[in-house]
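Worksheet: one structure, shown below.
Chains as they are written, first to last, in my numbering: chain U, 60 to 456; chain B, 608 to 1047.
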């Protein structure tokens, strides 16, 4: 029988798994023994605590490299790098094509220690892992500016342990699903970049993070993230739940519950859902509750980047110091349908080119509240107006 | 483990083969003590996989079964977890168990992260009220590539009714048992994801409540109620929030989607409903649904009074033949719901909409789809012949801000007040005094 798949037990390479001995050399040799052959190997971790002094690195010609653990298999370390790295091999011009890591518990106790980093891997999966590290899982660029593609993160559960300062749970650079993950206690739960997009979060829970999902600094040579989805997720007690700053847009964000209780984390909840600098966003079915210092749901005024966005079926209740909604004060092309009743703006949108017949806004400075009357500025009444292609007509109060 | 080759000997792997612990897998011997012993050994060893080898009996490839008489408990795996691994239908696990075949239930629920993993198992519980898998007190449990046939296939509720969180159910096939009355394929109270999962006859397909749940790529077939939202297993309205259901098919259900509890922050999108046809064979032949006739509510999507807030239903195709394809019950409070881009056919009523719709919006695209899709029966739409409060309308009081499309207006001029019967089709809004045309 010809076997094209081998199980390689790290203990056969001398790993002790006693939590005391440095098992790095043994494990790295096991990984190398898989990668240096034309066979494709599975590195197997029986239950035990495997202490490593530096990163386990797969950077050879391991076209298909699997790392599997049993329940009870723990890799632990205390250093400023990731416990496991799948990297592009510059010299060999090759990388791990299908990198799979399953059923491991990873603990890095260093103040800036990391869990798993993939760079250049294509079609990988990280599944059923429990990670405690300041940097959880990074699907990030390598030194040739490649990012890992089509990498799925599934049923992983991350927290920064005793090192929340500057922490980041997930860093995603290209397409792939994030399914049923819990991200708890990070300064930033998940950050995305890269114009390839195609990322989707589904069934995830972000809890006690400074920001749940936040795109931040974009590496040189990359663009803001586009084409992404966030579906059926739960944001509990984060400083800001969702913040779309830096997103390039083309998103589908649907079916979220965002709750925050003031005072539960440092910095206090600021926003439930904050939109900024985004285009072609479809945000639908969002329920926001909490005690926010600024706003439950915020769409900035006067941002031309909100072109072609639709916000639908959104409800916000804010019992904190801020407001439930802030909505744009000038025309943007973004549409708001069936949103909460408190979406008051102070100035009628201007520039008919940006307006579509049927656009509706609430305004607070009308001097008329007579049904069907044409809008005029300068009043104190709060009325609902609708654009009919020529001017604004009061349609409600 | 059968597939182990190369440098890793089977004895090196922490795989707890139930046959080494005395399981015979012959269909008659009680294998539950052996399976329990293997489970306990795995937990005692600091983790591992409980493995059910392939059963190649004399009648191969007709497989025998691992017979279970008492539930297999994994209650005491609090920090590590345990993995149960089989060979799909080559290693069936079957019993008549009053309880769950695999059971984790703590008297004091204590949700912990651990590797609680069920993979490639084929589980049958022949007890009339028995269950497949109960995972209580857990964060991040997984049921993947499993086939389960039981009265309650999977529940995330603890014995005291507290749910685990973020359970992942992936690529499973789940069926009900016996007369199906009271049966549920999945009770999920703590979010997570249900993907690629097929549910076949049962009373309730998926009973979902809690926060942050994503259901996609699934199929619900011949259930009394395909999806029930917002209720716990005790029937209490505990709500469902942060919910996405996308890319799912419902076929032959009495009611496909039922908002029985409060649903908030939701998205139903990309859904195909091929409803039960009480008079004819359905798309896949004649449907037999063994459920109490009292439950033959027969709706494609039913939103009960006051149960939907902050959500969107879009991109759906529905064909039913019973009471109504889409029912949104009357209520006094209903907030921020958008319904758009649907196509519906029905020999009875396509739409049954509330007389007080508040901030619910129905987009025009829906209307044309409905009209073009109806080929038989009554072409009911959401066009109202008589507005609430008008002569001939139901005796309800309109509320300021309500909007409807009507067919009997004599005017289609922007901003004009509706004056009475006519042939124009216009959109109107109630301003507290009368109805005014909003658009054409």
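Ideal Cβ placement from N, Cα and C applies to all residues, glycine included.
The structure displayed is predicted, hence computed values, not measured ones.
Please identify the residue among the options whose C-alpha is closest to the C-alpha of residue i.
i	options	result
residue 921 of chain B	U/161, U/182, U/344 and U/85	U/344
residue 295 of chain U	U/283, U/320 and U/308	U/320
residue 756 of chain B	B/707, B/799 and B/627	B/707
residue 733 of chain B	B/789, B/817, B/703 and B/779	B/703
residue 821 of chain B	U/263, U/284 and U/87	U/263
residue 833 of chain B	B/784, B/866 and B/845	B/866
residue 179 of chain U	U/185, U/170 and U/208	U/208
residue 352 of chain U	U/103, U/283 and U/329	U/329
residue 173 of chain U	U/157, U/163 and U/227	U/227
residue 766 of chain B	B/862, B/783 and B/740	B/740
residue 115 of chain U	U/129, U/248, U/354 and U/167	U/167
residue 731 of chain B	B/761, B/854 and B/722	B/761
residue 727 of chain B	B/718, B/803, B/819 and B/754	B/754
residue 795 of chain B	B/824, B/846, B/807 and B/881	B/846
residue 799 of chain B	U/309, U/315 and U/298	U/315
residue 265 of chain U	B/819, B/875, B/835 and B/658	B/819
What residues from chain U crowd round residue i, counting only those whose CB sits closer than 8 Å?
i	result
residue 823 of chain B	261 and 290
residue 769 of chain B	Under the 8 Å cutoff, chain U gives no residues; its nearest Cβ is about 16 Å from residue 769 of chain B.
residue 656 of chain B	129 and 130
residue 914 of chain B	What residue 914 of chain B touches in chain U: nothing, since even the nearest Cβ is about 13 Å away.
Report buried or exposed for residue i, applying the criterion of at least 16 other Cβ atoms within 10 angstroms of its Cβ.
i	result
residue 620 of chain B	buried
residue 682 of chain B	exposed
residue 715 of chain B	exposed
residue 625 of chain B	buried
residue 439 of chain U	In this prediction, residue 439 of chain U has a pLDDT of 47, which is less than 50 and means its spatial position is unreliable; nothing more can be read from the coordinates.
residue 925 of chain B	buried
residue 224 of chain U	exposed
residue 77 of chain U	exposed
residue 137 of chain U	exposed
residue 112 of chain U	exposed
residue 983 of chain B	Note that residue 983 of chain B scores 23 on pLDDT, short of 50, meaning its location in the model is unreliable; the coordinates nonetheless yield the value given after this. Exposed, by the Cβ-count rule.
residue 72 of chain U	buried
residue 334 of chain U	buried
residue 378 of chain U	exposed
residue 705 of chain B	exposed
residue 79 of chain U	exposed
residue 1052 of chain B	It is not possible to answer for residue 1052 of chain B, since the shown part of chain B is limited to 608 through 1047.
residue 871 of chain B	buried
residue 841 of chain B	exposed
Along chain B, in chain order, which residues have C-beta atoms closer than 7 Å to that of residue i?
i	result
residue 187 of chain U	722, 724 and 749
residue 241 of chain U	746, 747 and 773
residue 214 of chain U	747, 749 and 775
residue 371 of chain U	919 and 945
At 7 Å on the CB atoms, spell out the chain U contacts of residue i, in chain order.
i	result
residue 818 of chain B	293 and 316
residue 876 of chain B	313
residue 911 of chain B	Correct list: empty, because the minimum Cβ distance to chain U is about 18 Å.
residue 1055 of chain B	Here chain B covers residues 608 to 1047 and nothing more, so residue 1055 of chain B does not appear.
residue 848 of chain B	316 and 346
With respect to 6 Å, is the separation between the Cβ of residue i and the closest non-hydrogen atom of the ligand HEM below this value?
i	result
residue 328 of chain U	For the ligand HEM, the structure offers nothing, since it holds no ligand at all.
Which first and last residues belong to the alpha helix (DSSP H) in which residue i is found?
i	result
residue 647 of chain B	639-651
Since residue i meets chain B, which of its residues come closer than 8 Å, beta carbon to beta carbon?
i	result
residue 351 of chain U	Near residue 351 of chain U there are no residues of chain B at all, since even the closest Cβ is about 16 Å away, more than 8 Å.
residue 345 of chain U	872 and 917
residue 374 of chain U	871, 872, 916, 917, 942 and 943
residue 162 of chain U	690, 722 and 724
residue 264 of chain U	772, 773, 798, 818 and 819
Taking the beta strand (DSSP E) that residue i belongs to, which residues open and close that run?
i	result
residue 851 of chain B	847-858
residue 164 of chain U	164-167
residue 259 of chain U	258-261
residue 115 of chain U	115-117
residue 775 of chain B	774-777
residue 304 of chain U	No beta strand (DSSP E) contains residue 304 of chain U, which DSSP labels as neither H nor E.
residue 656 of chain B	656-658
residue 248 of chain U	247-251
residue 357 of chain U	354-357
Starting from residue i, find everything on chain B with Cβ-Cβ shorter than 9 Å and list it in chain order.
i	result
residue 169 of chain U	Those do not exist, as residue 169 of chain U stays about 21 Å from chain B at its closest Cβ, beyond 9 Å.
Q: Residues of the stretch 851-868 of chain B with a CB closer than 9 Å to any CB of chain U: list them in chain order, please.
A: 851, 852 and 853
Q) Using Cβ-Cβ distances below 7 Å, what residues of the stretch 223-250 of chain U are close to chain B? A) 238, 239 and 241
Q.
Beta carbons nearer than 7 Å to chain U: which residues of the stretch 636-652 of chain B have them?
A. 652
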